[in-house]
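Student: Right, I'll just put the structure down here and ask away after.
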Amino acid sequence: FGLGGVGLSAIMGCKVAGASRIIAIDINSEKFTKAKALGATDCLNPRNLDKPIQEVIIEMTGGGVDFALDCAGGPETMRAALDSTTAGWGSCTFIGVDSEMTGLMISPVELIMGRTVNGTCFGGWKSIDSIPKLVTDYKKKKIDLDILVTHTMPFDKINEAFEIMSQGKSIRIVLTF
Numbered sequence: 002f003g004l005g006g007v008g009l010s011a012i013m014g015c016k017v018a019g020a021s022r023i024i025a026i027d028i029n030s031e032k033f034t035k036a037k038a039l040g041a042t043d044c045l046n047p048r049n050l051d052k053p054i055q056e057v058i059i060e061m062t063g064g065g066v067d068f069a070l071d072c073a074g075g076p077e078t079m080r081a082a083l084d085s086t087t088a089g090w091g092s093c094t095f096i097g098v099d100s101e102m103t104g105l106m107i108s109p110v111e112l113i114m115g116r117t118v119n120g121t122c123f124g125g126w127k128s129i130d131s132i133p134k135l136v137t138d139y140k141k142k143k144i145d146l147d148i149l150v151t152h153t154m155p156f157d158k159i160n161e162a163f164e165i166m167s168q169g170k171s172i173r174i175v176l177t178f
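Spelled out as C-alpha cells, the structure:
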C-alpha cells in the first residue's frame with residue numbers, strides 16, 4: 002500500500018526475496034508503470050474499484066496475502082492492509098505512519114487467530130550497521146536507487162520541488178548546489 006519511494010523500494014525488496022506475486026496499491030495510477038518495472042505483478046487503484054480494496058485482494062488471491070506492507074500510513078490503508086492478509090497466518094507490517102494518527106483499532110481475535118502485526122523503521126535494520134552496507138550495495142549496483150529519482154533541480158528551485166512533491170508528481174527529487 003503506497004507507491005512513494007518507500008513503497009517502490011519495498012517492491013524491489015519483495016522481488017529480491019523471491020515473492021511470486023507482488024500487488025502494488027496506490028490512489029495515483031500514474032505510479033503503476035514504475036511499480037511494474039520494479040517487479041509488481043498486479044497494480045490496483047482503490048478509487049477505481051466497486052468494493053473495498055481488501056475485499057478485492059482477498060478475492061484475487063483466494064483468501065488473502067501472506068504479507069502486506071503499508072507504506073502510506075493512513076488509518077484507512079493500515080486497516081485495509083491488515084484486513085487483506087490471510088486469516089490464520091497473514092503478517093502485516095506498518096512502515097509509514099501519519100504523525101497526526103492517534104490510534105488503530107485491532108481486535109484481539111485477529112491476533113489470536115494467527116495474524117501478526119509489525120512496525121518497522123529502516124526495515125528493522127540498525128542504521129549504524131546497515132547504512133554502510135546499503136551504500137556498498139548501491140555502489141556495487143546490487144540495488145538501483147537511481148530509478149527512484151524522478152527530478153533533478155538546482156537548489157534555488159527548492160520551492161518548485163516542494164510543489165511538485167506535494168502534488169504527487171515525483172518519487173524523489175535531488176537538489177544540486
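In the numbering used here, the protein residues as written are 2 to 178.
Yeah, the Cβ is synthetic: ideal placement off N, Cα and C, and Gly gets one too.
The structure displayed is predicted, hence computed values, not measured ones.
1. With DSSP run on the structure shown, which of helix, strand or coil describes Ala-20?
2. Just to confirm, are Leu-70 and Thr-103 a CB contact at a threshold of 7 Å?
3. Determine whether the beta carbon atoms of Ala-81 and Gln-55 lie at a separation below 7 Å.
4. Comparing alpha-carbon positions, which option in Gly-63, Pro-155, Ile-113, Gly-75 lies nearest Phe-178?
5. Is it true that the CB of Gly-6 sits closer than 7 Å to the CB of Ile-172?
6. Report yes or no: do three or more beta-carbon pairs, one from the segment 116-131 and one from the segment 143-162, lie closer than 8 Å?
7. On a CA-only basis, which of Glu-161, Thr-78, Met-106 is nearest Gly-97? Give me that one, please.
8. Since Cys-15 sits in a beta bridge, which residues does DSSP pair it with?
9. Any idea if Phe-2 is buried or exposed, counting beta-carbon neighbours within 10 angstroms, 16 or more meaning buried?
10. Suppose you measure from the CA of Cys-44 to the CA of Lys-170; what does that come to, to the nearest Å?
11. Checking 7 Å against the spacing of the C-beta atoms, do Ile-1 and Gly-40 come in under that value?
12. Please name the residue, chosen from Ala-18, Val-17, Lys-37, that lies closest to Ile-26 on a Cα-to-Cα basis.
13. Taking the C-alpha atoms as reference points, what is the distance between Leu-105 and Gly-74?
14. DSSP state of Phe-2, grouped into three classes?
15. Within 10 angstroms of its Cβ, does Asp-157 collect 16 or more other Cβ (buried), or is it exposed?
16. Please list the terminal residues of the continuous beta strand (DSSP E) segment that includes Met-102.
17. Which residues does DSSP list as the beta-bridge partners of Ile-174?
18. From the DSSP output, read off the bridge partner residues of Phe-68.
Tutor: On the basis of the data shown:
1. coil
2. no
3. yes
4. Pro-155
5. yes
6. no
7. Thr-78
8. Answer is none; Cys-15 lacks a bridge partner.
9. buried
10. 18 Å
11. The structure shown does not extend to residue 1, since the chain is modelled only from 2 through 178, so no value can be given for it.
12. Lys-37
13. 11 Å
14. coil
15. exposed
16. Unbroken run through Met-102: none, as it is neither H nor E.
17. His-152
18. Ser-92
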